[in-house]
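**Student:** Taking the working numbering, I'd label the letters of the sequence shown as residues 467 to 1038. Glycine residues also receive a C-beta, built at the ideal position from the N, C-alpha and C atoms. Predicted, not measured: the structure shown is a model, and the values here were computed from it.
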Amino acid sequence: MLSLFRKGGVAQVLLGGVVFTIILVFVLEFQRGGGSAAGSLQTECAVEVYDYCVSAKEYNAAYGLVSVPGIEPKDAKRLKLQQRVLDGLIERELLLKVADQYGLTTSDDALDENLLRGHAHVSLPAADAAQVGYYLLLCRHDPSGRGCEPGGPSLVRKLRVEGPDDQFDSKLYERELRFRANRGPKEFKEMQRREVTAARMRDLVRSRVQVSDEEAFAIFSRERSRATVRYVDLNRDWFGKFAADVSDASVAAFAATHAADVDAALKQEQSRFKENCPLVSEIRVDFLPGATDADKTLSRERIDAALDRLNKKESFSSVAREAGDGPSSLLGGRVGCLDESYGPGAEELLKAVSTLKPGEKSGVVETEAGYRVVQLNALLAKADVARVAREIVTARLAIEASAKTLLASFAKEALAQAQAGHALSDVIAQLSRQYAHVPEKAETSPALDAANRPKVEISAPFAISDTPVANALPSEAVAQKVFELKKLDELLANLVQTSDGLALVQLKERDPATRAQFDKDKSLLMTGLRGVRAQEALTSYVAELRKKAQKEIRISPAYLPKADSKEPNPEG
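(1) Jot down the residue ranges of each uninterrupted beta strand (DSSP E) in the segment 788-822, minimum 3 residues, whole runs only, in chain order.
(2) Assuming Leu581 contacts Lys652 under a Cβ cut-off of 8 Å, what Cβ separation, rounded to an integer in Å, is found between them?
(3) With burial defined as no fewer than 16 other Cβ atoms inside 10 Å of the residue's Cβ, what is the status of Arg454: buried or exposed?
(4) I'd like the span of the alpha helix (DSSP H) that includes Thr663, first residue to last.
(5) Going along the chain, which residues of its own chain have a beta-carbon closer than 7 Å to the beta-carbon of Leu732, five neighbours each way excluded?
(6) Who are Ala1042's beta bridge partners in DSSP?
(7) Return the chain-ordered list of same chain residues with a C-beta closer than 7 Å to the C-beta of Val819, the five sequence neighbours on each side being excluded.
(8) So Ser533 and Leu602 are in contact, right, with Cβ under 8 Å, and what is the actual spacing, rounded?
(9) Check for me: the alpha helix (DSSP H) holding Glu857 runs from which residue to which?
(10) Since Arg1012 is in the beta strand (DSSP E), which residue starts that stretch and which ends it?
(11) Where does Gly599 fall in DSSP's three states?
(12) On a CA-only basis, which of Leu562, Leu797, Gly530 is nearest Tyr518? Give me that one, please.
(13) Could you compute how far the alpha carbon of Lys952 sits from the alpha carbon of Met992?
(14) Measure the alpha-carbon distance for Ser794 versus Ile769 and round it to whole angstroms.
(15) As an exercise, report each continuous beta strand (DSSP E) stretch of at least 3 residues that is fully enclosed by the segment 884-958, in chain order.
(16) Does DSSP put Tyr529 in a helix, in a strand, or in coil?
(17) Compute the Euclidean distance between the alpha carbons of Arg761 and Arg862, then round it to the nearest angstrom.
(18) If Val962 sits next to Leu968, beta carbons under 8 Å apart, how far is it from one beta carbon to the other, in whole angstroms?
(19) What first and last residue would you give for the beta strand (DSSP E) that runs through Asp679?
(20) Rounded to whole angstroms, what's the CA-CA distance from Gly802 to Ser737? Just pull it up for me.
(21) Are Ser878 and Arg696 close, meaning C-beta to C-beta below 8 Å?
(22) Judging by CA-CA distance, which residue of Leu822, Ser573, Asp977, Glu942 is the nearest neighbour of Ser965?
(23) Can you find the residues in the same chain that come closer than 6 Å, C-beta to C-beta, to Ala772, ignoring five residues on each side of it along the sequence?
(24) Please confirm whether Ala869 and Phe705 have their CB atoms less than 8 Å apart.
(25) Using alpha carbons as the reference points, say which of Pro630, Ala647, Leu590, Arg558 lies closest to Glu524.
(26) Note down the Cα distance separating Asp850 from Glu735, rounded to an integer number of angstroms.
(27) Can you name, in chain order, every residue of its own chain whose Cβ lies under 7 Å from the Cβ of Val671, other than the five neighbours on each side?
(28) Could you spell out the range, first to last residue, of the alpha helix (DSSP H) harbouring Leu732?
(29) Which residues bound the beta strand (DSSP E) around Val831?
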């Protein structure tokens, strides 16, 4: 149809006839009193900006155009649609105030072209207009009517205006206005004049944004450059299980110097220790969340191997420490009192323990969290409650403190040796044996075979916005620090804090973005970046307008969303 508008002769006559039809509808609407008998909805202001009153009827029309027919109240509330329509109308009026100063307006011809295509402009807050508009299917539609024009920033609701012959149908157009906006053609055209003029102002603000080649290449280089690192994840639990001194003498020495810490922890955990509770130890092999049958088979093999070691008369505590998972493994399997506070698996373990005599162990018990072998140590006597509670709490704190100290010492030594030029893999292997007390002649040991042992790993190539060390704390900004390194094999000067310990990170490879790569996609990249910068500029511009006009904006309390309000609007 647009191609028809561009032709002369008969096509121009036909176009004139269509426009005449729209004008005739406007006249009839005026004769029916559409502008003079609007009632209270017409005169009530939902919001006032300077001297302009956005009537309740206009607000409801804007809401009807912005929202998708049939939208669920919960979705409208989640999108804060009521507030966003208000904010969009306020920004529209602020932009129109500036447009008036520039003498910018919209001609009837431009409006008619939009209306003939069924394009109804709407306003949403600039800060999130693109995201919300996309969700609500607001965009300039391509000639087919089935998709959005690429790169079109305007928020447009497509109205049904063409009949079966693909020609403009004035009756269909009028019905669509009533359905969507409850407005007559004359009112709607004037409303659209404001919307289209505001849209032109937005385009004007965006058009003034320029992006230099240097800025674009710097951003491209930042996002497209890649690096690879060697890193060593030093797990706190590994040091607690294989390096910490767990002797009675070491625990006693800790208790003597950390009495206040023990008392504080005991105060939090004392209630777990009760007369006649079963004191148990466990060997646990946990399932990972979403474990497959194959994963469970491997876990079963691990627990069976641990049970076999017990049957060969190895001590329960050493097997639990070397083969077990979880906090109890640090204490040689000691759980303390077993009750419902244990968490998933408590019911199954309590049932298994109920058949045991002190000193006996169960077979393999399957729980939703993994496999367990549990040993009943004793039923806690009343006279022993305070002593046993203090023993277990003190031992745990002592081991945790020892593990923390040893981990920090290991990390500093490894960093110093690697910075001195020694191969990171050799340094880690040598220190792991030393800290776990593994003889040089021993080819293997539980400490060196543990899944969480210190070892050098190679990251996948990553960008500056990625996370090469998965468990690094977000505040560490590892990738950013890596890209600041000057040469290959250089290490981060500071150790990286992780969720379960520390990590050493060493630059292995760097693959910087090139100018040739940039030039290949330059046009697309510049367009995208210019669009982002333009939207940022518009957002800042309207925010500044609103800040300056605070005293000129008055919102009716009836139109402010309530905490328990249900969309769509006060009149709907």
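**Tutor:** Short version:
(1) Within the segment 788-822, the complete beta strand (DSSP E) runs of at least 3 residues are 800-803.
(2) For this step, residue 581 is matched to residue 115 along the sequence shown. For this step, residue 652 is matched to residue 186 along the sequence shown. 12 Å between Cβ atoms; not a contact.
(3) Given that the chain is displayed from residue 467 to residue 1038, the structure contains no residue 454 and the question cannot be resolved.
(4) Here residue 663 corresponds to residue number 197 of the sequence shown, with the count starting at 1. Run containing Thr663: 651-673, per the alpha helix (DSSP H) assignment.
(5) Here residue 732 refers to the residue found at position 266 when the sequence shown is read from its first residue. Counting only residues of its own chain and dropping the five nearest sequence neighbours on each side, Leu732 has a CB closer than 7 Å to the CB of Ala855, Arg856, Val859.
(6) Lying before the first or after the last residue shown, residue 1042 is absent from the chain, which here runs from 467 to 1038.
(7) Start at 1 with the first residue of the sequence shown, and residue 819 comes out as number 353. Closer than 7 Å at the Cβ level, and outside the excluded window around Val819, lie Pro744, Val746, Leu804, Val840, Leu842.
(8) Counting from 1 along the sequence shown, the entry for residue 533 is found at position 67. Counting from 1 along the sequence shown, the entry for residue 602 is found at position 136. Yes, Ser533 and Leu602 are in contact; Cβ-Cβ is about 7 Å, under 8 Å.
(9) The sequence position of residue 857 within the sequence shown is 391, counting from 1. Per DSSP, Glu857 belongs to the alpha helix (DSSP H) from 851-885.
(10) By 1-based counting over the sequence shown, the position of residue 1012 is 546. That residue, Arg1012, is in no beta strand (DSSP E); its alpha helix (DSSP H) goes 988-1014.
(11) Against the sequence shown, residue 599 aligns to sequence position 133. Helix, per DSSP.
(12) The residue given as residue 518 occupies position 52 in the sequence shown. Among Leu562, Leu797, Gly530, the Cα nearest to that of Tyr518 belongs to Leu562.
(13) Position 486 of the sequence shown, counting from 1, holds the residue named residue 952. Position 526 of the sequence shown, counting from 1, holds the residue named residue 992. Cα to Cα, Lys952 sits roughly 29 Å from Met992.
(14) Locating residue 794 in the sequence shown gives position 328, counting from the first residue. Locating residue 769 in the sequence shown gives position 303, counting from the first residue. Spanning the two alpha carbons is a distance of roughly 15 Å.
(15) Complete beta strand (DSSP E) runs here, min 3: 922-924.
(16) As a first step, residue 529 is located in the sequence shown; it is residue number 63 there, counting from the start. It is helical.
(17) The sequence position of residue 761 within the sequence shown is 295, counting from 1. The sequence position of residue 862 within the sequence shown is 396, counting from 1. For clarity, residue 761 is Asp in the given sequence; the question names Arg instead. Near 30 Å, if we compare the C-alpha coordinates of Arg862 and Asp761.
(18) What you label residue 962 is simply residue 496 of the sequence shown in a count that begins at 1. What you label residue 968 is simply residue 502 of the sequence shown in a count that begins at 1. Correct: roughly 7 Å between the Cβ atoms.
(19) Within the sequence shown, the letter at position 213 stands for residue 679. The continuous stretches of beta strand (DSSP E) do not include Asp679, which lies in the alpha helix (DSSP H) extending over residues 679-690.
(20) Position 336 of the sequence shown, counting from 1, holds the residue named residue 802. Position 271 of the sequence shown, counting from 1, holds the residue named residue 737. So the two alpha carbons sit approximately 12 Å from each other.
(21) Indexing the sequence shown from 1 puts residue 878 at position 412. Indexing the sequence shown from 1 puts residue 696 at position 230. The residue asked about is misnamed: residue 878 is Lys in this sequence, not Ser. For Lys878 and Arg696, no; Cβs fall outside 8 Å.
(22) The residue you call residue 965 lines up with position 499 of the sequence shown. Closest in C-alpha terms to Ser965, from the list Leu822, Ser573, Asp977, Glu942, comes Glu942.
(23) Taking the first residue of the sequence shown as 1, we reach residue 772 at position 306. Taken in chain order, the residues that qualify are Ile749, Val785, Ala789.
(24) Counting from 1 along the sequence shown, the entry for residue 869 is found at position 403. Counting from 1 along the sequence shown, the entry for residue 705 is found at position 239. In contact: Ala869 and Phe705 (Cβ atoms closer than 8 Å).
(25) Locating residue 524 in the sequence shown gives position 58, counting from the first residue. Among Pro630, Ala647, Leu590, Arg558, the Cα nearest to that of Glu524 belongs to Ala647.
(26) As a first step, residue 850 is located in the sequence shown; it is residue number 384 there, counting from the start. As a first step, residue 735 is located in the sequence shown; it is residue number 269 there, counting from the start. Distance between the alpha carbons of Asp850 and Glu735 is about 15 Å.
(27) As a working note, residue 671 is residue 205 in the sequence shown. Here Val671 has Ala1003, Leu1004, Tyr1007 as same chain residues with Cβ atoms under 7 Å from its own Cβ, once five neighbours each way along the sequence are excluded.
(28) Taking the first residue of the sequence shown as 1, we reach residue 732 at position 266. Counted as a single uninterrupted DSSP element, the alpha helix (DSSP H) harbouring Leu732 occupies residues 725-735.
(29) On the sequence shown, position 365 is the one that residue 831 refers to. Unbroken beta strand (DSSP E) run through Val831: 831-833.
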